[in-house]
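Asks: Residue 702 is where the sequence shown ends in UniProt numbering, and the numbering goes up by one at each step.
Here it is, the structure, as structure tokens.
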Amino acid sequence: MLFLLSVATFLIFQEQTWYEHYDQGQKALKAEDYRTAIRELEAAVALQPRSKKQAKTYGVQFITYYPYHQLAAAHLWTGNVERAEFFLRRAYAEKEDSVERNALTMELLTNFIARYPSEPEIEERPDTTALWELISMNKYTAAQSVLQDLREAFPNNAELQGLTGILRVLISNEEELRDIEKEAEANVDNLLSDAQLEEEQGNFARALSFYTAVTRLKPRHQQAQFAITRLTERMEAEGQTAAEIEEAMNAALRRADKSNEMLLNTMKQQRELQLTNSRLHRELEKTRASLSKPDPAVISVDWDLIPISEQNLTAMIQAEIASDTALKNASLYINDKLLSSWDLFNNKEFQIPTIPKHTFPKLSNILRLEIRDMHNQIHQRVYPYTFPRPAQPKAPFLRKVFLITLAILTLGLFFIRQRKKRQAFRNRFNPYIAGAPVLNDKMFFGRRPMLKQLLNTLHNNSLMIYGERRIGKTSFLHQLDAILPELDDPHYEFFPVFIDLQGVKEDQFFGVIDHEITMALEPKGIHLDPPPESIDGRILTQRLRKYVGQLKQTCTKSPKLVLLLDEVDIMNGFSEQTNQQLRSVFMKGFAKHLVAVMAGININTTWKSEGSPWYNFFEQLELKPFTDEQAKSLVTDPVRGVYQYNADAVDKIVTVTKGKPYLIQKMCVNLVAHVLNENRRKITAKDVNFVYNEIRHEVEKG
1 MLFLLSVATF LIFQEQTWYE HYDQGQKALK AEDYRTAIRE LEAAVALQPR
51 SKKQAKTYGV QFITYYPYHQ LAAAHLWTGN VERAEFFLRR AYAEKEDSVE
101 RNALTMELLT NFIARYPSEP EIEERPDTTA LWELISMNKY TAAQSVLQDL
151 REAFPNNAEL QGLTGILRVL ISNEEELRDI EKEAEANVDN LLSDAQLEEE
201 QGNFARALSF YTAVTRLKPR HQQAQFAITR LTERMEAEGQ TAAEIEEAMN
251 AALRRADKSN EMLLNTMKQQ RELQLTNSRL HRELEKTRAS LSKPDPAVIS
301 VDWDLIPISE QNLTAMIQAE IASDTALKNA SLYINDKLLS SWDLFNNKEF
351 QIPTIPKHTF PKLSNILRLE IRDMHNQIHQ RVYPYTFPRP AQPKAPFLRK
401 VFLITLAILT LGLFFIRQRK KRQAFRNRFN PYIAGAPVLN DKMFFGRRPM
451 LKQLLNTLHN NSLMIYGERR IGKTSFLHQL DAILPELDDP HYEFFPVFID
501 LQGVKEDQFF GVIDHEITMA LEPKGIHLDP PPESIDGRIL TQRLRKYVGQ
551 LKQTCTKSPK LVLLLDEVDI MNGFSEQTNQ QLRSVFMKGF AKHLVAVMAG
601 ININTTWKSE GSPWYNFFEQ LELKPFTDEQ AKSLVTDPVR GVYQYNADAV
651 DKIVTVTKGK PYLIQKMCVN LVAHVLNENR RKITAKDVNF VYNEIRHEVE
701 KG
């Protein structure tokens, strides 16, 4: 008995033979189960690598053994063209085409594989990273030296030749601008000395003319602006009327125009040089675009096939193309047969027109999109689709068991919900949040559409969120901080860093940013050496470049560091130099991996002027008060099933709070506390009036 058991165990665990694997692989291929076919056929060739017209089995039987062209077909149907090509070459090497039927199949496979075009070679381009880095820092002389080296390495590059002349003009203009600036500074100093002398001698109108001349030359000169205000007030104090002061001001302006005509011409020349430099910089940007070696396009296709009739093999076909590079055209093939083509007109996204009903020739099929980008590179996206086999009807007794189980689960769920309601009331459940940022996703109301809009914009744009006090800007940033790491984006992996600037002094600014980035990235294994005690914009730039470099090494997608800067109104009091240093960080070569989302109250008006370092830098989103529907949802949804508001109470809350989320939460947290004290669950308009009178001053203050 023990012997028989041992023999049985041996037979059970004995490995399959090559011809058993081969037989199962052929059956799977015929049934269009291609993954099983690949597994079985590859197991067969591992045990028996040589193809044979008459292969002898262990049972002294002879079978035809041609596995490689069948492996090629199976791999092709699963979209693995490279493996299909490998096994097809092996099939020809093993002379599997000696059989006429095999030869025809192999010829068809060869034609199909040949339709996959090779990627066009990209012309070797010069590495201009250092050149553009120097140009961005306005170091044109050093850039000229780097350009000379590049021209020696690429003597036939027309773009590099054109850069030489542009840099030569920029260097000359910068030297002339420096001379003009020195002359202007000297003249401003002379004007200030004359103005102070006239003021000391009591010649206020004449002093006013000199100070006005200074502001003509230096519109933001604070000393001159303060002096004009001071002199105007003194002239009023001495009894001069508004008309007399205005006449004195006009006379001062006329004298300023006459006495400084030459100087104003110099400043006009300075402006013309600056405009010329701006035009040259635009030319440089065009050249930079033509010199930049294009990164390989990242293209994804979201396929959606909806079966209409499994019996007739018909389905609706939908697909959406998304790319980080402009696209020229796309063609859809089904089983290597062209179905349709479209011009994409250099768009980065395209949804193919829905094909409402397409009849497929067989159960398993291959759909392929052939996409050509703006660099004439062709990309293939393959989608194997097998119609589901019709499901067998369930036995009647299984249907009854299912219905009984469903009824029990429904009843149990009802009792569980009732018990949770009672427990919530006993535990004095009050979910509203008044004063603190909303961190709980379940309490984040009314901003989902704007959040979606921001996420669609964030890939290549920095954003400015502005709105009145306590409108929800901080809560919005916290939601971004929670959502971005989990975002399933086809191209980017996001690393948000929340930075609260409230109370931060200007000399601490860059250090605080670096500290918060360090704290956010350390849990992800990103480490740098400790920074120096004092950090300026230059050091922050160096450290950011290292952070991005480490992220690129660890990420499978392109990393995107997102700085979530809250309370940025404080930056209105920082010097223009500090603001300019921060802005320059976003202009560096690594900045394609860096975006910012800033939130504040007065930025929309304060930073909108053309003279601001942030002018035209941000996409702007305004957080407005809730609509009536959004406000009502915030009132009722958090306590649904535990407390009940009547309609008048909800309308009253929406009216007195004017749709402001903080005030809605403030009212509701007090309303729930009020009815709990009276051991009630229903909230009426009378309760709203009572609570409103208790906190009226705070509500009206907003």
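Glycine included, each C-beta is placed from N, C-alpha and C at the ideal position.
#1: What is the residue span of the alpha helix (DSSP H) that residue 66 lies within?
#2: If I'm right that residue 144 touches residue 166 with Cβ under 8 Å, what's the distance once you round it to whole angstroms?
#3: Report all residues from its chain with a CB closer than 7 Å to the CB of residue 559; omit the five preceding and five following residues, and keep chain order.
#4: Are the beta-carbon atoms of residue 537 and residue 581 separated by less than 7 Å?
#5: Should residue 387 be labelled buried (16 or more other beta-carbon atoms within 10 Å of its own) or exposed?
#6: Could you give the distance in angstroms between the alpha-carbon of residue 699 and the alpha-carbon of residue 692?
#7: Would you call the CB atoms of residue 675 and residue 664 closer than 7 Å?
#8: Among the residues of its own chain, which have a CB less than 6 Å from the CB of residue 511, if the five just before and after it don't count?
#9: From the DSSP output, read off the bridge partner residues of residue 347.
#10: How big is the Cα-Cα spacing for residue 84 and residue 488?
#11: Identify whether residue 436 lies in helix, strand or coil by the three-state DSSP scheme.
#12: Check whether the Cβ atoms of residue 652 and residue 688 sit closer than 7 Å, and answer yes or no.
#13: Please go through the stretch 477 to 503 and give each complete beta strand (DSSP E) segment of 3 or more residues, from N-terminal end onward.
#14: Distance, Cα to Cα, residue 192 vs residue 247?
#15: If you count every other CB in all the chains shown that lies within 10 Å of the CB of residue 279, and 16 or more means buried, which is it?
#16: Terminal residues of the continuous beta strand (DSSP E) containing residue 600?
#17: What span of residues does the beta strand (DSSP E) with residue 465 cover, start to end?
#18: So the candidates are 680, 73, 88 and 53; which of them puts its Cα closest to the Cα of residue 25?
#19: Looking at the unbroken beta strand (DSSP E) that takes in residue 370, where does it start and where does it end?
#20: If we ignore side chains and look at the alpha-carbon of each, how far apart do residue 350 and residue 300 end up?
#21: Tell me the residue span of the beta strand (DSSP E) that contains residue 55.
#22: Straight-line CA distance for residue 605 to residue 169?
#23: Is residue 20 closer than 7 Å to residue 66 when the C-beta atoms are compared?
#24: Please identify the residue among 574, 596 and 437 whose C-alpha is closest to the C-alpha of residue 497.
#25: In terms of residue numbering, what span does the beta strand (DSSP E) encompassing residue 620 cover?
#26: Distance, Cα to Cα, residue 114 vs residue 107?
#27: Give the DSSP-derived three-state secondary structure of residue 306 in the structure shown.
#28: Among 159, 478, 588 and 304, whose alpha-carbon lies nearest the alpha-carbon of residue 543?
#29: For the beta strand (DSSP E) that contains residue 560, what are its first and last residues?
#30: Mapping the DSSP letters down to three states, classify residue 313 as helix, strand or coil.
#31: In this structure, what does DSSP give as the bridge partners for residue 338?
#32: Taking its Cβ as the centre, do 16 or more other Cβ atoms sit within 10 Å of residue 648, making it buried, or is it exposed?
#33: Taking 8 Å as the cut-off, does the stretch 473 to 490 touch the stretch 427 to 442 (at least 3 CB pairs, one atom from each stretch)?
#34: For a quick check, are the C-beta atoms of residue 591 and residue 566 less than 7 Å apart?
#35: Would you kindly work out how many angstroms separate the C-alpha atoms of residue 3 and residue 110, rounded to a whole number?
Replies: From the atom records:
#1: To locate residue 66, count along the sequence shown from 1; it is residue 66. Here residue 66 belongs to no alpha helix (DSSP H), and DSSP marks it neither H nor E.
#2: Position 144 of the sequence shown holds residue 144. Position 166 of the sequence shown holds residue 166. Actually they do not touch by this definition, with Cβ atoms about 10 Å apart.
#3: Looking up residue 559 in the sequence shown gives position 559. Excluding positions up to five away in sequence, the list reads 493, 495, 548, 551, 552 and 593.
#4: Here residue 537 refers to the residue found at position 537 of the sequence shown. Here residue 581 refers to the residue found at position 581 of the sequence shown. Cβ atoms of residue 537 and residue 581: closer than 7 Å.
#5: Taking the first residue of the sequence shown as position 1, residue 387 is located at position 387. Label assigned to residue 387: buried.
#6: Sequence index remark: in the sequence shown, residue 699 carries index 699 (1-based). Sequence index remark: in the sequence shown, residue 692 carries index 692 (1-based). Distance between the alpha carbons of residue 699 and residue 692 is about 8 Å.
#7: Taking the sequence shown and counting its residues from 1, the one referred to as residue 675 is at position 675. Taking the sequence shown and counting its residues from 1, the one referred to as residue 664 is at position 664. Taking 7 Å as the Cβ cut-off, residue 675 and residue 664 do not qualify as a contacting pair.
#8: The sequence position of residue 511 within the sequence shown is 511, counting from 1. Result list for residue 511: 535, in chain order.
#9: As a position in the sequence shown, residue 347 is number 347, starting the count at 1. DSSP lists 327 as partners of residue 347.
#10: Walking along the sequence shown from the start, residue 84 turns up at place 84. Walking along the sequence shown from the start, residue 488 turns up at place 488. Near 31 Å, if we compare the C-alpha coordinates of residue 488 and residue 84.
#11: In the sequence shown, counting from the first residue as 1, residue 436 sits at position 436. Residue 436 falls in the coil class under three-state DSSP.
#12: Taking the sequence shown and counting its residues from 1, the one referred to as residue 652 is at position 652. Taking the sequence shown and counting its residues from 1, the one referred to as residue 688 is at position 688. The answer is yes: Cβ separation under 7 Å.
#13: 492 to 500
#14: The residue given as residue 192 occupies position 192 in the sequence shown. The residue given as residue 247 occupies position 247 in the sequence shown. Each residue's alpha carbon lies about 22 Å from the other.
#15: As a position in the sequence shown, residue 279 is number 279, starting the count at 1. Its Cβ having fewer than 16 others within 10 Å, residue 279 is exposed.
#16: To locate residue 600, count along the sequence shown from 1; it is residue 600. That run of the beta strand (DSSP E) goes 594 to 600.
#17: As a first step, residue 465 must be located in the sequence shown, where it is residue number 465. Counting along the chain, the beta strand (DSSP E) containing residue 465 begins and ends at 463 to 466.
#18: Mapped onto the sequence shown, residue 25 falls at position 25. Per the Cα distances, 73.
#19: Counted from its first residue, the sequence shown places residue 370 at position 370. 364 to 373 is the span of the beta strand (DSSP E), which, as asked, contains residue 370.
#20: Here residue 350 is taken as the residue at index 350 of the sequence shown, counted from 1. Here residue 300 is taken as the residue at index 300 of the sequence shown, counted from 1. Straight-line Cα distance between these residues: approximately 11 Å.
#21: On the sequence shown, residue 55 is found 55 positions in, with the first residue counted as 1. Start and end: 52 to 56.
#22: What you label residue 605 is simply residue 605 of the sequence shown in a count that begins at 1. What you label residue 169 is simply residue 169 of the sequence shown in a count that begins at 1. Unreliable positioning characterises residue 605 in this predicted model, as indicated by a pLDDT of 45, which lies under 50. The coordinate reading is nonetheless provided below. If you take the alpha carbons of residue 605 and residue 169, they lie about 37 Å apart.
#23: In the sequence shown, counting from the first residue as 1, residue 66 sits at position 66. In the sequence shown, counting from the first residue as 1, residue 20 sits at position 20. Contact: no.
#24: Against the sequence shown, residue 497 aligns to sequence position 497. The shortest Cα separation from residue 497 among 574, 596 and 437 belongs to 596.
#25: Working through the sequence shown from its first residue, we reach residue 620 at position 620. Where residue 620 is concerned, the enclosing beta strand (DSSP E) stretches over 619 to 622.
#26: In the sequence shown, residue 114 corresponds to position 114, counting from 1. In the sequence shown, residue 107 corresponds to position 107, counting from 1. Looking at the two C-alpha atoms, the distance is approximately 11 Å.
#27: Taking the first residue of the sequence shown as 1, we reach residue 306 at position 306. In this structure, residue 306 counts as strand in the three-state DSSP scheme.
#28: For this step, residue 543 is matched to residue 543 along the sequence shown. It is 588 whose Cα lies nearest to the Cα of residue 543.
#29: Position 560 of the sequence shown, counted from the first residue, corresponds to residue 560. Here the beta strand (DSSP E) through residue 560 covers 558 to 566.
#30: Looking up residue 313 in the sequence shown gives position 313. Reduced to three states, the DSSP call for residue 313 is coil.
#31: Sequence index remark: in the sequence shown, residue 338 carries index 338 (1-based). Note: residue 338 sits in a beta bridge opposite 333.
#32: Locating residue 648 in the sequence shown gives position 648, where the first residue counts as 1. So residue 648 ends up on the exposed side.
#33: yes
#34: Position 591 of the sequence shown, counting from 1, holds the residue named residue 591. Position 566 of the sequence shown, counting from 1, holds the residue named residue 566. Not in contact: residue 591 and residue 566 (Cβ atoms no closer than 7 Å).
#35: Walking along the sequence shown from the start, residue 3 turns up at place 3. Walking along the sequence shown from the start, residue 110 turns up at place 110. Unreliable placement is indicated for residue 3, whose pLDDT of 40 sits below 50; the coordinate value is still reported in the next sentence. Cα to Cα, the separation comes out at about 54 Å.
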